[in-house]
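Residue numbers (numbering that gives the first Met the number 0): 0 to 401. Backbone N, C-alpha and C fix where the C-beta goes; we use that ideal spot for every residue, glycine too. All remarks here apply to the structure that follows.
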Amino acid sequence: MTLPLEGYRVCDLGQVWAGPVLGHLFGDMGAEVIRVESRASSDQMRNIAKEPSEIRTMLEKNFVFRNRTSCITLNFTKPQGVELVKEIVKRCDIVFENFSPRVLAKFGLDYASLRKAKPNIIMCSMSAAGQNGPYRDLLGYGPSINSISGVDSLVGYPGDDKLMVNVWDADPTTATAAAFAILTALHHREATGEGQYIDLSFYENLVSLIGEGIMDFTMNGRIAEPQGNRHLAMGPHGIYPCKGNDKWIAIAVKTQPEWEALANLMGNPDWTQDERFVDLYGRLTHPGELDEKMAKWTRGYGNYELMHMLQKAGIAAAVVATLEDVYLDPHDQYRRQGLRIETQGLDRTEVIHGIPWHLSDTPGSVRRLAAAMGEDNEKVFSKMLGLSKKRIEQLVKAQVIY
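Shown next, in the form of structure tokens:
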């Protein structure tokens with residue numbers, strides 16, 4: 000079966016999380032992705048294994064996003080390394096990176112330079128705040144981008160100190176946006192023969208996800224505040240305790256028929272007919288009292304038991320699953336497109352989640368685990384670039400291939 004992106008070659012200069020996520024998205028769909036790393040300045044994600052013996056064989060616990068790509072080592076702080084990157088780019092359709100704007104320009108690997116090597120190259124740069132503007136040189140990882148974009152101002156409970164979102168959603172969401180932008184540029188190139196440059200900002204990507212709050216301010220002058228687990232137009236809306244230790248369920252009721260179905264499921268206790276709760280306006284203006292009533296009821300059930308009861312009644316509800324719950328969930332196991340393979344050097348078997356979308360005719364597949372640093376040097380430098388064994392040895396000795 001021919002995969003959708005088979006025949007395209009990608010030069011991956013990405014790092015940390017966003018870059019590798021983008022690489023494995025393209026790899027899963029059939030593109031040949033060549034990841035460029037260097038021991039001179041290794042990606043920090045290479046070094047977060049808990050034990051020295053795990054720093055790298057085939058797969059670290061936190062290295063799963065390097066899956067599905069080849070990996071070579073090239074030190075582009077050296078002029079010969081820069082030239083070899085350009086030779087690789089000449090043979091690629093796409094190159095992407097997520098360094099600060101000044102980094103690749105310093106080494107002569109910016110779009111203007113790479114375009115000379117491959118005039119119709121498509122290049123995507125993912126940076127904290129974009130390639131121009133006052134914040135051009137902003138340094139930041141996911142948490143700081145969440146903060147400056149306004150996302151963190153919406154997290155937490157009314158009146159409490161601000162909280163940080165501890166999932167770096169800037170990285171995977173920006174990587175997904177980058178995949179869409181690159182495919183759009185590929186479509187343009189197929190029609191015109193022209194490559195182009197994509198300037199993608201983590202900051203702008205996250206701001207685009209909180210448009211409701213931005214519009215409320217621009218139109219009404221209101222500054223959105225944290226709402227905790229509550230919602231401005233749904234009630235009840237929250238996470239409620241269930242039977243057992245640290246077991247919870249999320250429940251969201253949007254319409255009056257849904258509320259009536261919930262009340263019926265609870266046995267229509269008298270409090271559901273109280274004027275504070277009988278209609279949506281009352282429920283929204285008395286959220287604390289409503290949550291107390293709901294919690295008293297939900298504590299009588301197991302979380303999965305209650306989820307199925309509520310779903311059967313037509314009410315949006317789901318357990319608050321732990322990662323163990325997700326891994327063992329029959330639905331996840333049914334849908335999972337994983338790869339089970341013995342991990343080289345480690346006495347265990349890994350199951351890696353695959354592609355979140357399911358195409359009917361060209362579904363893509365997880366074809367390999369993460370490559371060790373430099374695992375594909377021989378394939379790329381010898382077979383693709385045509386370098387002799389002697390030349391490769393010289394470059395290794397000079398710490399160019401390093």
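query: Just to confirm, are residue 313 and residue 257 a CB contact at a threshold of 8 Å?; result: yes
query: Going by DSSP in three states, residue 230 sits in which element: helix, strand or coil?; result: coil
query: Using only CA atoms, which one of 189, 79, 150 lies nearest to residue 210?; result: 150
query: For the segment 263-274 and the segment 244-255, state whether three or more C-beta atom pairs, one from each stretch, are separated by less than 8 Å.; result: no
query: If you run the structure through DSSP and keep just helix, strand and coil, what is residue 76?; result: coil
query: Are the segment 271-286 and the segment 315-335 in contact at 8 Å, needing three or more beta carbon pairs?; result: no
query: Using 10 angstroms around the beta-carbon of residue 56, count the other beta-carbons present and answer buried if the total reaches 16, otherwise exposed.; result: Caution is warranted here: a pLDDT of 45 is assigned to residue 56, below 50, making its placement in the model unreliable, and no coordinate value can be reported.
query: Please give me, in chain order, every unbroken run of the beta strand (DSSP E) with length at least 3 that falls completely inside the segment 283-328.; result: 315-318
query: Could you tell me if residue 400 is buried or exposed, where buried requires 16 or more neighbouring beta carbons within 10 angstroms of its beta carbon?; result: buried
query: Could you give the first and the last residue of the continuous alpha helix (DSSP H) run that contains residue 214?; result: 210-219
query: Pick helix, strand or coil for residue 240, following the three-state DSSP scheme.; result: strand
query: Of the residues 157, 191, 234, which one's Cα is nearest the Cα of residue 225?; result: 157
query: Using three-state DSSP, classify residue 124 as helix, strand or coil.; result: strand
query: Taking C-beta to C-beta, are residue 462 and residue 354 nearer than 8 Å?; result: Nothing about residue 462 can be read from this structure; the chain reaches only from 0 to 401.
query: Could you tell me the boundaries of the alpha helix (DSSP H) in which residue 405 lies?; result: Residue 405 is absent from the model: the chain starts at 0 and stops at 401.
query: When the Cα of residue 453 is compared with those of 69, 123, 12, 119, which residue comes out closest?; result: Because the chain spans 0 through 401 in this model, residue 453 falls outside it and cannot be assessed.
query: In whole angstroms, what is the alpha-carbon distance linking residue 145 and residue 173?; result: 12 Å
query: Assess contact between the segment 36-45 and the segment 95-107, defined as three or more Cβ pairs (one per stretch) separated by less than 8 Å. Is contact present?; result: no
query: Quick one: complete beta strand (DSSP E) runs, 3+ long, within the segment 111-195?; result: 121-126
query: In terms of residue numbering, what span does the beta strand (DSSP E) encompassing residue 366 cover?; result: Unbroken run through residue 366: none, as it is neither H nor E.
query: Report the option in 148, 124, 242, 18 whose CA atom is closest to the CA atom of residue 296.; result: 242
query: For residue 70, write down the residues that DSSP places opposite it in a beta bridge.; result: 34
query: Can you tell me which of 194, 205, 21 puts its alpha carbon nearest to the alpha carbon of residue 164?; result: 205
query: Provide the residue span of the beta strand (DSSP E) that contains residue 356, from first to last.; result: Taken as a continuous stretch (DSSP letters only), residue 356 belongs to no beta strand (DSSP E), as it is neither H nor E.
query: DSSP state of residue 385, grouped into three classes?; result: coil
query: Answer with buried or exposed for residue 88, where buried requires no fewer than 16 other C-beta atoms within 10 angstroms of its C-beta.; result: buried
query: Kindly identify the DSSP beta-bridge partner or partners of residue 8.; result: 31
query: If distances are taken between C-alpha atoms only, which option among 366, 82, 382 comes closest to residue 26?; result: 366
query: With DSSP collapsed to three states, give me the class of residue 82.; result: helix
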